[in-house]
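**Student:** I have a structure here, written as structure tokens, and I will follow up with some questions on it.
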Amino acid sequence: EPEVTQTPSHQVTQMGQEVILRCVPISNHLYFYWYRQILGQKVEFLVSFYNNEISEKSEIFDDQFSVERPDGSNFTLKIRSTKLEDSAMYFCASANRGRSEKLFFGSGTQLSVL
Amino acid sequence: ILNVEQSPQSLHVQEGDSTNFTCSFPSSNFYALHWYRWETAKSPEALFVMTLNGDEKKKGRISATLNTKEGYSYLYIKGSQPEDSATYLCAFNDAGKSTFGDGTTLTVKP
């Protein structure tokens with residue numbers, strides 16, 4: 040069964056450093072998402088992406104965050120200058136169509152900012 | 004800020020018991036309600052996407068109902084098995100993003 044893959048599974052970085060989290064969505068999917076879950080808290084929406092542009096973003100997704108689909112297969116989340124509070128599990132998800140379609144999640148990247 | 008609440012927070016049942024839990028969500032601007040099953044160390048797995056008031060969906064021993072007018076959905080598990088142990092998340096979808104509840108963690112004891 041096709042799946043969403045995320046790399047790396049764990050990322051440790053120093054505060055202030057840039058990180059790029061990578062995702063390969065399911066190949067025929069058109070809608071892409073990033074979510075995160077801080078330990079002990081709810082899963083939170085960050086951003087949705089369709090047709091090579093951001094379609095929706097949350098208040099969490101400020102100027103230090105950016106997303107890209109550079110080559111038609113990868114979907115990346117960049118955090119420009121990491122803060123301690125960015126430590127979380129980051130999930131990528133994709134869907135074939137829009138809001139009424141189920142999301143397929145990757146297994147997540149655990150980001151630890153020291 | 005949208006309020007999506009799930010109850011109970013955790014549930015312990017014996018193998019063979021049937022159980023149910025609740026997701027409540029805003030009754031306005033409803034587009035879809037998703038249920039996910041999330042096992043430890045795995046990614047959330049979609050169970051159901053429900054869009055119409057009165058929807059009932061079933062997948063094996065798991066079923067769900069939806070009431071958009073009063074803003075709730077129930078998830079039922081009939082004859083729980085140890086492999087049903089997981090966190091069950093609901094997510095309310097309005098304008099293209101999903102707002103998740105905290106989840107209900109189910110533990111089924113053999």
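Residue numbers (the numbering used here), protein chains in the order written: chain A, 40 to 153; chain B, 4 to 113.
From the three backbone atoms N, C-alpha and C, an ideal C-beta is built for every residue, glycine too.
No experiment lies behind these values; they were computed from the predicted model shown.
For H15/B, which residues in chain A fall below 8 Å Cβ to Cβ?
**Tutor:** Against the second sequence, residue 15/B aligns to sequence position 12. Near H15/B there are no residues of chain A at all, since even the closest Cβ is about 20 Å away, more than 8 Å.
**Student:** Does the CB of E95/A have a neighbour CB from chain B at under 9 Å?
**Tutor:** Residue mapping note: residue 95/A aligns to position 56 of the first sequence, counting from 1. Output row for E95/A: interface = yes.
**Student:** I think S21/B touches S76/B, with their Cβ atoms under 8 Å apart; what is that distance to the nearest whole Å?
**Tutor:** For the purposes of this step, residue 21/B is identified with residue 18 of the second sequence, where counting begins at 1. For the purposes of this step, residue 76/B is identified with residue 73 of the second sequence, where counting begins at 1. S21/B to S76/B, Cβ: 17 Å. No contact.
**Student:** Would you mind working out which of D58/B, T102/B and H15/B sits nearest E95/A, comparing C-alpha positions?
**Tutor:** Position 56 of the first sequence, counted from the first residue, corresponds to residue 95/A. With distances taken between Cα atoms, E95/A lies closest to T102/B.
**Student:** How is L123/A classed by DSSP in three states: helix, strand or coil?
**Tutor:** By 1-based counting over the first sequence, the position of residue 123/A is 84. If DSSP states are grouped into helix, strand and coil, L123/A belongs with the helices.
**Student:** If you count every other CB in all the chains shown that lies within 10 Å of the CB of G63/B, and 16 or more means buried, which is it?
**Tutor:** As a position in the second sequence, residue 63/B is number 60, starting the count at 1. Exposed, because fewer than 16 other Cβ atoms sit within 10 Å of the Cβ of G63/B.
**Student:** What first and last residue would you give for the beta strand (DSSP E) that runs through E95/A?
**Tutor:** In the first sequence, residue 95/A corresponds to position 56, counting from 1. Element bounds for E95/A: E92 to K96.
**Student:** Contact between the region 44-57 of chain B and the region 135-144 of chain A is defined here as three or more beta-carbon pairs at a separation below 8 Å; is this criterion met?
**Tutor:** The region 44-57 of chain B, when compared against the region 135-144 of chain A, does touch it at the 8 Å Cβ threshold.
**Student:** Using a beta-carbon distance below 9 Å, is L150/A in contact with chain D?
**Tutor:** Chain labels in this structure do not include chain D; the protein chains are A and B.
**Student:** List, in order along the chain, the chain B residues whose C-beta lies closer than 7 Å to that of V51/A?
**Tutor:** Position 12 of the first sequence, counted from the start, is the residue given in the question as residue 51/A. In chain order: nothing, as chain B lies at least about 19 Å away.
**Student:** Looking only at its chain, what residues have a beta carbon closer than 6 Å to the beta carbon of H37/B, apart from the 5 residues adjacent to it on each side?
**Tutor:** In the second sequence, the residue the question calls residue 37/B occupies position 34. If we look at H37/B and ignore the five residues flanking it on each side, its Cβ neighbours are V52 and A94.
**Student:** Identify, in the order they occur along the chain, each residue of the same chain with its Cβ nearer than 7 Å to the Cβ of G74/B, setting aside the five sequence neighbours on each side.
**Tutor:** Here residue 74/B is taken as the residue at index 71 of the second sequence, counted from 1. Hits under 7 Å: S27, F28, P29 and S30.
**Student:** Would you grab the beta carbon distance between V111/B and E18/B for me? Rounded to a whole angstrom, and I think it's under 8 Å.
**Tutor:** For the purposes of this step, residue 111/B is taken as the residue at position 108 of the second sequence. For the purposes of this step, residue 18/B is taken as the residue at position 15 of the second sequence. Contact holds; Cβ gap of about 6 Å.
**Student:** Which partner residues of E107/A appear in the DSSP bridge assignment?
**Tutor:** Mapped onto the first sequence, residue 107/A falls at position 68. Note: E107/A sits in a beta bridge opposite T115/A.
**Student:** Mind pulling the chain A residues with CB within less than 7 Å of A89/B?
**Tutor:** The residue you call residue 89/B lines up with position 86 of the second sequence. Per Cβ cutoff of 7 Å: no residues; A89/B is ~14 Å from chain A at best.
**Student:** I'd like to check one pair, Y70/A with S133/A: are the Cβ atoms closer than 9 Å?
**Tutor:** Mapped onto the first sequence, residue 133/A falls at position 94. Mapped onto the first sequence, residue 70/A falls at position 31. Contact flag set, yes.
**Student:** How would you label V152/A, buried or exposed, when you count the other beta carbons within 10 angstroms and need 16 or more for buried?
**Tutor:** Here the question's residue 152/A lines up with position 113 in the first sequence. Buried, because 16 or more other Cβ atoms sit within 10 Å of the Cβ of V152/A.
**Student:** If you draw a straight line from the C-alpha of G104/B to the C-alpha of E57/A, how long is it?
**Tutor:** Position 101 of the second sequence, counted from the first residue, corresponds to residue 104/B. Position 18 of the first sequence, counted from the first residue, corresponds to residue 57/A. In a straight line, the C-alpha of G104/B is about 30 Å away from that of E57/A.
**Student:** Let me confirm a value: G79/A is counted as buried when at least 16 other C-beta atoms fall within 10 Å, else exposed. Which label applies?
**Tutor:** Position 40 of the first sequence, counting from 1, holds the residue named residue 79/A. So G79/A ends up on the exposed side.
**Student:** Can you tell which of G137/A, E42/A, F88/A and R61/A has its C-alpha closest to the C-alpha of S46/B?
**Tutor:** Within the second sequence, numbered from 1, the residue matching residue 46/B stands at position 43. It is E42/A.
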